[in-house]
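Read the structure below first, then the notes.
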Amino acid sequence: MSEDVQQAGRTPTRGGRGRNRGEDGVVLMPRDAMTTEAAPPEDDGRDGGRDGPVPSMDEVQAEDMVQHAETASSFLKALSHEGRLMILCHLSTGEKSVTELETLLSSRQAAVSQQLARLRLEGLVSYRREGKAIYYSLADEKARRLLELMHDMFCTAKAPPRAAEARD
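Residue numbers (my numbering): 1 to 168.
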């Protein structure tokens, strides 16, 4: 080992690229940087770049639960408007034109179109254009399943009475 390396308190090592190279290409590292301990493993990206321990299954499930709750909440908000719910109920029996929906709902075209736009935005309905007419249909299987459940719960003979009717 050269005298200048010893005086600087550094130990030569081979390989790598860096600023601390000696004349012969040997990489010079401070002695205190050299240990016999294994270097920490490189980040494999599985923990999302977080420092610290990998989250437990409960924590992961809680994070997933929050995401699922947000999705479900958005879905239910789209259904929570009486006009949108009525549109979906009518579309559950088959494709309808905007004009047919106006008649079935006894609503103006602007109101029906506004609600259809929200349903389109949420991905619950799809449409096709035929000439000047626009036809809508139910596009989401989850919506179809929920409409069937709500129909069974609220629209059939076995449906329980509404809360307002039960109080009378």
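Glycine included, every Cβ here is placed at the ideal spot set by N, Cα and C.
- request: Taking only the alpha-carbon atoms, compute the straight-line gap between tyrosine 135 and alanine 72 and give it to the nearest angstrom.
  value: 27 Å
message: Quick check: the Cα distance between valine 98 and phenylalanine 154, rounded to an integer number of angstroms?
response: 26 Å
- request: Pull up the distance between the alpha-carbon of alanine 111 and that of leucine 101, whole angstroms please.
  value: 11 Å
query: In or out: histidine 151 buried (at least 16 other Cβ within 10 Å) or exposed?
result: exposed
query: Are the beta-carbon atoms belonging to leucine 149 and leucine 91 less than 8 Å from one another?
result: no
field: Where alanine 111 sits in the DSSP three-state scheme
entry: helix
query: Rounded to the nearest angstrom, how far is the Cβ of glutamate 122 from that of alanine 78, given a contact under 8 Å?
result: 4 Å
query: Are the beta-carbon atoms of leucine 147 and cysteine 89 separated by less than 8 Å?
result: yes
field: Rounded straight-line distance, which links the Cα of proline 55 to that of leucine 85
entry: 40 Å
- prompt: To the nearest angstrom, how far is it from the Cα of isoleucine 87 to the Cα of serine 107?
  reply: 11 Å
- prompt: For arginine 128, which residues does DSSP report across the bridge?
  reply: Tyr135
- request: Would you grab the beta carbon distance between histidine 81 and glutamine 114 for me? Rounded to a whole angstrom, and I think it's under 8 Å.
  value: Actually they do not touch by this definition, with Cβ atoms about 10 Å apart.
- prompt: Which residue or residues does DSSP assign as beta-bridge partners of lysine 77?
  reply: BP columns for lysine 77 are empty, so no partner.
- request: Would you mind giving the Cβ-Cβ distance between tyrosine 127 and arginine 118, rounded to the nearest angstrom? I have them listed as a contact below 8 Å.
  value: Wrong, their Cβ atoms sit about 13 Å apart, outside the cutoff.
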